[in-house]
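Protein chains in written order, with our numbering: chain A, 1 to 346; chain B, 347 to 651.
Note that beta-carbon positions come from the ideal geometry of N, C-alpha and C, so glycine has one too.
These numbers were taken from a predicted model, which means no experiment stands behind them.
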Amino acid sequence: MAADLSGIVIAPPTPWARISGFYRKLRRLPIIPVTLLGLVVFAGIFAPWIAPHDPEKGELGERNIPPAWGSGEKSLKNVVERLSINERATSVTLKDAREIDPNAQVGDQIEVFTKPEGTTKFLLGTDHLGRDVFSRVVYGARISLIVSLITLAVGGSIGVVMGLAAGWYAGFIDEFLMRLVDIKLAIPLILIALVLVITLGQSLWIIVTVLCLFIWPRFARQVRGEVLQLKHMDYVSLAKVSGASTARILFIHIFPGTINTLIVVATLQVGIVILLESTLSFLGAGVPPPTPAWGSMVSDGRDKLAGGVWWISTFPGVAIMLTVMSLNLFGDWLRDKLDPRLRQLE
Amino acid sequence: MQKYLARRFVLAFVTLLSVSLIIFIMSRVSGDPRHIYLDDYSTQEDWDRMGEVLGLDKPYYQQYGLFLKGAVRGDFGESVREGRPVTEVVLERAPATLLLGSVAFALSLLIGIPLGILSAVKRGTFMDVFGKTVALVGQSAPPFWLGIMLMFFFAVELGILPPYGKQDWNSIVLPAVTLGWYYAAANLRLVRSAMLDVLDSEYIKLARAKGVSSRTIILKHAFRNALIPPLTFAGVTLGALVTGSLVVETVFAWPGLGRLAIEALFAFDYPLLQGVVITFTLLYVTAAFVVDVLYAYVDPRIRYA
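Spelled out as structure tokens, the structure:
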């Protein structure tokens, strides 16, 4: 006899359970990484409208100003008519003193900033040449975007074509291409890249070309693996039987099957390209100054640290880190969504 | 096994050869080397004699042959900047890089592996979150910036470690941590994911069912098999540590090969640059080869494939 279940009522989920369930679903989405990436892309595209100052020109009188929340240092100085060099630490001229206090007289003592105070005019402070750090970070996003998108398009296409050819033709072509990949993995590429950029000249195009050398093998390898699996599928044989050309089979029938993997690889590779580009810039072989690239900005602030001027290096570095971090997190999420075979246990 | 090793060996050889070719072409593309050696006061005779000494009167392929012949004997000519044989300068700087590289490598293992195991075993706990954070920061923060931040915090603000140079024993701490962090992060991720994979396998469940203690399971059964992925990665790590030193040595003014390479590059001292690049490649290739051999030794599937 079946148990009598008529009296049992399933309680509807409480509002709290609904909220926490919704929250749990929300947490699985990469909201923070996508937001951050959105910000970077937005900053890159709309840089001229966002940046409050010219990123390449500064006032030397406004150099090394700390971020808006930074406090300066004041000290009492004597007001004198004329200033000799060894009096600089203790005195100011009447002219400078009048700018602070119009009633200043020779012989007075006046409070003067020895280290400037942060102002809202320069949100993240200014660098050693008086350029606005915030504007430079915003424009730096543009350089990173341009470099990584072009590199991805060119390097990725080369890699895809190589991978398609290697997977489809097998034999000698495959062997040759895959050995090329091995060699690429076995040489200190960053050093070679440096030599190339310095010898051939620092320009955006040479840097992009060099970066392409870095990224095509990853694409080639991945696509080759996919092609090896796909080429034995029935629909490929059917296409062959119906007389499709090799190019048609490769690009119309096989290539779309690799797109999911490609999106994942591309996302993760952009992070690598951004890191590499900033490393080259840092070492002095990036997009030439005064163009604001994140890497060279970090390098600019390096020898100012000892004087307590930390903001020149810190902010562009934070920008690089957050961008790369978001790309990694977003890439991991995409991989789990699009290509569960590659999933690692989390 | 022998076939595998032979292939690897040939590959290493071809790699060295192609790097030497690239660097030779670069040194010729950049202009006639005599422009660096000779000044405006030298005569046409000097110019010609110099050309003979350097072999510049011969066709390019013969010049490359001469360069290779010298390189095999460890003779890269004379450094323009230092006026001494390149080999001498390189050998002088090599120990500092090897020291930095080995300390950083040791750090990456000592931090990456235990943290990886802990965050896999204590999945979802504070330990796991901590491990993931270390890994995420290590893989996303550019080493040159990380180095500068560590320098600012520990050397400038706290003043407990020397900011740069190589004097006392503690001057290696900051560069080694900077260099090792990235690879520690990579090792951590690899060990964690391999460990989770292994812990989920049937033979671990059997061991648990038998009543084997957790400690024995983790250390004896799981850990050994979880070590294979990081080992594969070690070849890449060792090689990349060498290049990583390029950046870290520049940041911390560490007197090693990386800094030498940058100095030679910006001084257009091509003989020295050739010597350093070839040395780097040699280190890189040797490390990769050693790891390949080790790998074949540890994983029989490779040996008999």
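Which whole-angstrom value is the C-beta distance of residue i and residue j, which I expect to be below 8 angstroms?
i	j	result
Ile459 of chain B	Pro601 of chain B	Incorrect: roughly 30 angstroms between the Cβ atoms, too far for contact.
Gly125 of chain A	Gly61 of chain A	The pair is not a contact, with the Cβ atoms about 15 angstroms apart (cut-off 8 angstroms).
Phe122 of chain A	Ile65 of chain A	5 angstroms
Ala633 of chain B	Tyr350 of chain B	In fact, because the Cβ distance is near 17 angstroms, the residues do not count as touching under 8 angstroms.
Leu464 of chain B	Met473 of chain B	5 angstroms
Asp303 of chain A	Asp127 of chain A	With a Cβ gap of about 12 angstroms, Asp303 of chain A and Asp127 of chain A do not count as contacting.
Val208 of chain A	Val154 of chain A	7 angstroms
Taking Cβ to Cβ, would you say residue i is nearer than 7 angstroms to residue j?
i	j	result
Leu305 of chain A	Phe413 of chain B	no
Glu81 of chain A	Val106 of chain A	yes
Ala358 of chain B	Phe635 of chain B	yes
Ser454 of chain B	Ala530 of chain B	yes
Ile192 of chain A	Leu200 of chain A	no
Val195 of chain A	Met372 of chain B	yes
Val324 of chain A	Leu276 of chain A	no
Pro290 of chain A	Val137 of chain A	no
Val594 of chain B	Leu629 of chain B	no
Val264 of chain A	Arg335 of chain A	yes
Ile187 of chain A	Thr361 of chain B	yes
Val597 of chain B	Gly477 of chain B	no
Phe282 of chain A	Val270 of chain A	no
Val475 of chain B	Ile564 of chain B	no
Thr267 of chain A	Gln222 of chain A	no
Counting contacts by CB-CB distance shorter than 7 angstroms, is residue i in contact with chain B?
i	result
Leu345 of chain A	Because Leu345 of chain A sits at a pLDDT of 46, beneath the cut-off of 50, its placement in the model cannot be relied upon, and the following sentence gives the value as read from the coordinates. Yes, because at least one Cβ of chain B sits closer than 7 angstroms to the Cβ of Leu345 of chain A.
Ser20 of chain A	no
Phe176 of chain A	no
Met321 of chain A	yes
Ile183 of chain A	yes
Ile198 of chain A	yes
Met325 of chain A	yes
Ala47 of chain A	no
Pro116 of chain A	no
Val34 of chain A	no
Ile187 of chain A	yes
Ser278 of chain A	yes
Arg335 of chain A	no
Leu262 of chain A	no
Please decide whether residue i counts as near chain A, where near means a Cβ-Cβ distance under 7 angstroms.
i	result
Trp527 of chain B	no
Ile494 of chain B	yes
Ser334 of chain B	Residue 334 of chain B falls outside the range modelled here, since chain B spans only 347 to 651, and no answer is possible.
Pro601 of chain B	no
Leu618 of chain B	no
Val365 of chain B	yes
Val426 of chain B	no
Leu507 of chain B	no
Cα-Cα, which of the options is closest to residue i?
i	options	result
Trp216 of chain A	A:Gly225, A:Ile8, A:Ser157, A:Arg248	A:Ser157
Leu280 of chain A	A:Asp108, A:Asn260, A:Ser144	A:Ser144
Glu117 of chain A	A:Lys95, A:Arg142, A:Asp108, A:Arg63	A:Arg63
Ile574 of chain B	B:Gly590, B:Glu548, B:Val519, B:Met541	B:Met541
Leu250 of chain A	A:Phe282, A:Arg224, A:Gly271	A:Arg224
Thr433 of chain B	B:Ala442, B:Pro441, B:Gly423	B:Gly423
Leu76 of chain A	A:Thr90, A:Leu149, A:Leu189, A:Val236	A:Thr90
Leu592 of chain B	B:Ile564, B:Arg570, B:Val623	B:Val623
Ile608 of chain B	A:Pro256, A:Ile190, A:Gly163	A:Ile190
Asp234 of chain A	A:Trp69, A:Pro52, A:His253, A:Ala220	A:His253
Gly257 of chain A	A:Ile100, A:Lys337, A:Asn328, A:Gln229	A:Gln229
Asp615 of chain B	A:Glu226, A:Ala239, A:Ile198, A:Leu268	A:Ile198
Leu640 of chain B	B:Gln620, B:Thr578, B:Leu363	B:Thr578
Ala43 of chain A	A:Met321, A:Gly140, A:Leu180	A:Gly140
Arg570 of chain B	B:Val537, B:Val558, B:Ala599, B:Leu584	B:Val537
Ile150 of chain A	A:Lys57, A:Ser84, A:Leu213	A:Leu213
Ile518 of chain B	B:Pro431, B:Thr479, B:Gly447, B:Ala613	B:Gly447
Pick helix, strand or coil for residue i, following the three-state DSSP scheme.
i	result
Ile110 of chain A	strand
Leu194 of chain A	helix
Leu345 of chain A	Because the pLDDT at Leu345 of chain A is just 46, under 50, the model does not fix this residue reliably, and the point stays unresolved.
Glu428 of chain B	coil
Val80 of chain A	strand
Val588 of chain B	helix
Val92 of chain A	strand
Asp4 of chain A	coil
Thr199 of chain A	helix
Ser465 of chain B	helix
Asp654 of chain B	Outside the modelled stretch of chain B, which goes from 347 to 651, sits residue 654 of chain B, for which no answer is possible.
Ser75 of chain A	strand
Thr14 of chain A	coil
Asp127 of chain A	coil
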